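All remarks here apply to the structure that follows.
2 protein chains.
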Amino acid sequence: MTHRGRTSSGLWKITVWDEPSFQGSRREFTAACESTAEHGFSTVRSFKIESGAWAGFEHSGFQGQQFVLERGEYPCWEAWSGSNAYHVPRMCSFRPIACADRRESRLTLFEQENFLGRQGELREDCPSLPALGWGSSAVGSFHVHSGAWVGSQFPGYRGFQYLLESDSQAGRYAHVRDWGSHAQTGLLQSLRRVQQ
Amino acid sequence: MTHRGRTSSGLWKITVWDEPSFQGSRREFTAACESTAEHGFSTVRSFKIESGAWAGFEHSGFQGQQFVLERGEYPCWEAWSGSNAYHVPRMCSFRPIACADRRESRLTLFEQENFLGRQGELREDCPSLPALGWGSSAVGSFHVHSGAWVGSQFPGYRGFQYLLESDSQAGRYAHVRDWGSHAQTGLLQSLRRVQQ
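Quick note, the sequences are listed as chains A and B, same order.
So for the first sequence, our numbering puts the first residue at 122; every next one is plus one.
So for the second sequence, our numbering puts the first residue at 122; every next one is plus one.
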């Protein structure tokens with residue numbers, strides 16, 4: 122659990138409820154939660170991100186489908202999460218995104234795995250890689266130089282999300298399997314910075 | 122149908138299929154389609170946006186839930202659209218977003234309807250209005266001065282989308298009902314430019 126130690130500055134706060142619309146049992150967290158069940162929450166149905174940027178996960182132990190959670194209100198998990206094709210009934214763990222940074226974020230994307238083939242660099246949000254001239258609907262590998270980024274399957278930041286952090290595995294994501302265990306393909310068409 | 126006349130410049134192209142993964146019957150459009158059924162498509166299950174930015178709609182006649190579609194591949198409508206809480210089985214009409222502009226986009230948001238209360242101005246994408254200091258999870262009204270914007274219910278551009286265009290009703294959206302007939306509340310927590 123490398124993330125617990127980073128959260129002592131008070132920069133992160135999430136409040137969760139086990140019923141929709143901020144009803145039912147309530148609990149605040151200012152650091153990572155590896156398993157909501159251990160805190161008596163079998164289901165988190167609504168939550169508020171009060172400070173910082175957080176990563177939510179389908180399974181405990183920060184596994185499964187990933188959700189980038191920024192400051193704001195999430196009254197209904199069902200309305201927010203996933204897609205009709207892949208139903209994620211609950212969020213079972215979450216942690217701060219420690220390297221999210223407002224000042225500078227930079228990454229290089231590569232056409233092929235292992236940092237090979239054609240490459241491009243991003244410093245700004247991009248709702249459509251094809252519109253920017255990236256000649257494919259897929260990405261082979263990433264090198265995140267600074268900040269935290271979120272890639273999405275479809276244009277406009279829709280579909281599965283993949284968190285890419287400069288402080289995780291030295292920012293090097295050599296294969297599809299490095300950026301999300303549920304990913305079956307390299308389909309990735311939008312990419313933006315995570316800020317907090 | 123005020124949008125048909127705008128699309129003669131060849132800037133817009135969408136190719137649709139009636140089966141997932143770009144299979145089945147295929148048809149190209151370079152202008153608005155008011156009803157896919159009139160063109161023999163009872164269901165659009167996959168599509169590619171080859172140029173321009175488009176708006177897709179749940180119902181024919183550009184009615185119902187709105188979807189902003191930017192350049193790229195959409196192999197599976199089910200995986201892309203909506204949320205688990207509000208299932209939209211198909212896209213029945215679509216049209217170009219004529220005022221989407223890469224150069225300048227500017228809007229003013231207001232706390233209350235009819236352009237009243239506290240206000241803020243945006244020229245850049247904003248994944249979380251609360252993180253930017255907007256003290257509420259809702260917006261009361263908008264004045265779009267230039268470009269096209271898409272607002273979303275939740276942070277990170279998730280949930281229902283609402284298209285806001287400078288060339289529609291003079292860019293003035295005085296009430297929740299002006300930016301989407303299915304909207305029940307002013308819940309709106311992220312906002313970004315539509316570019317093409």
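Heads up, the beta-carbon is just placed ideally off N, CA and C, and yes, glycines get one too.
Note that this is a predicted model, so its numbers are computed, not measured.
At a cut-off of 7 angstroms between beta carbons, Y278/B contacts chain A.
Residues of chain A with a Cβ closer than 8 angstroms to the Cβ of W138/B do not exist, since the nearest Cβ in that chain sits about 15 angstroms away. Proximity of chain B to Y283/A at the Cβ level (cut-off 8 angstroms) is not reached, the minimal Cβ distance being about 13 angstroms. Of the residues S167/B, A269/B, E155/B, the one whose Cα lies closest to the Cα of A221/B is A269/B. Residues of the segment 179-194 of chain B that bring their beta carbon within less than 9 angstroms of a beta carbon in chain A comprise F188, V189, L190, E191, R192, G193, E194, in sequence order.
About 4 angstroms separates the beta carbon of D246/A from that of R313/A, a gap short enough to meet the 8 angstroms contact definition.
Secondary structure within the segment 174-224 of chain B: the alpha helix (DSSP H) runs of 4 or more consecutive residues, fully enclosed, are 198-201 (chain order). No Cβ of chain B is located within less than 7 angstroms of the beta carbon of D222/A. In the DSSP assignment, A252/A falls outside any beta strand (DSSP E) and within the unbroken alpha helix (DSSP H) covering 250-253.
Under the criterion of beta carbons closer than 8 angstroms, G177/A and L132/A do not qualify as touching, at roughly 17 angstroms. Using a Cβ-Cβ cut-off of 7 angstroms, A176/A does not count as an interface residue toward chain B, since no Cβ of chain B sits closer than that to its own. Contact annotation for D246/A against chain B: D246 [CB-CB distance below 7 angstroms, chain order]. Distances from the alpha-carbon of H266/A to those of E179/A, E225/A, Q240/A put E225/A closest.
In this model, Q282/A and F168/A are separated by some 19 angstroms (Cα to Cα). When the beta-carbon positions are compared, T136/A and C213/A stay at least 7 angstroms from each other.
The Cβ atoms of V271/A and L284/A lie closer than 7 angstroms to each other.
Taking C-beta atoms as the reference points, F263/B and Y294/B count as a pair closer than 7 angstroms. Counting the other CB atoms within 10 Å of its CB gives G161/A a total below 16, which places it among the exposed residues.
Around the CB of Q184/A, fewer than 16 other CB atoms lie within 10 Å, so the residue is classed as exposed. Taking 7 angstroms as the cut-off, the beta carbon of G307/A is found closer than this to the beta carbon of V297/A. The three-state secondary structure of E155/B, taken from DSSP, is coil. For P251/B, the closest Cβ of chain A is nearer than 7 angstroms. In the three-state reduction of the DSSP assignment, E140/A falls in the strand class. The beta-bridge partner set that DSSP reports for H264/A consists of T229/A, R293/A.
Between F143/A and chain B, the shortest Cβ-Cβ separation is not below 7 angstroms. Of the other Cβ atoms in all chains shown, 16 or more fall within 10 Å of the Cβ of Q317/B; this residue is therefore buried. With respect to chain A, the C-beta atom of W201/B has a partner C-beta closer than 7 angstroms.
The continuous beta strand (DSSP E) containing W270/B extends over residues 269-275. For the pair Y278/B and Y278/A, the CB atoms are nearer than the 7 angstroms cut-off. Near chain A, meaning a CB-to-CB distance below 8 angstroms, the residues of the segment 263-276 of chain B are V271, Q274, F275, P276. Counting along the chain, S311/A sits inside the beta strand (DSSP E) bounded by residues 311-315.
Excluding sequence positions up to five before and after Q144/A, its CB lies within less than 7 angstroms of the CB of W138, all in the same chain and listed in chain order.
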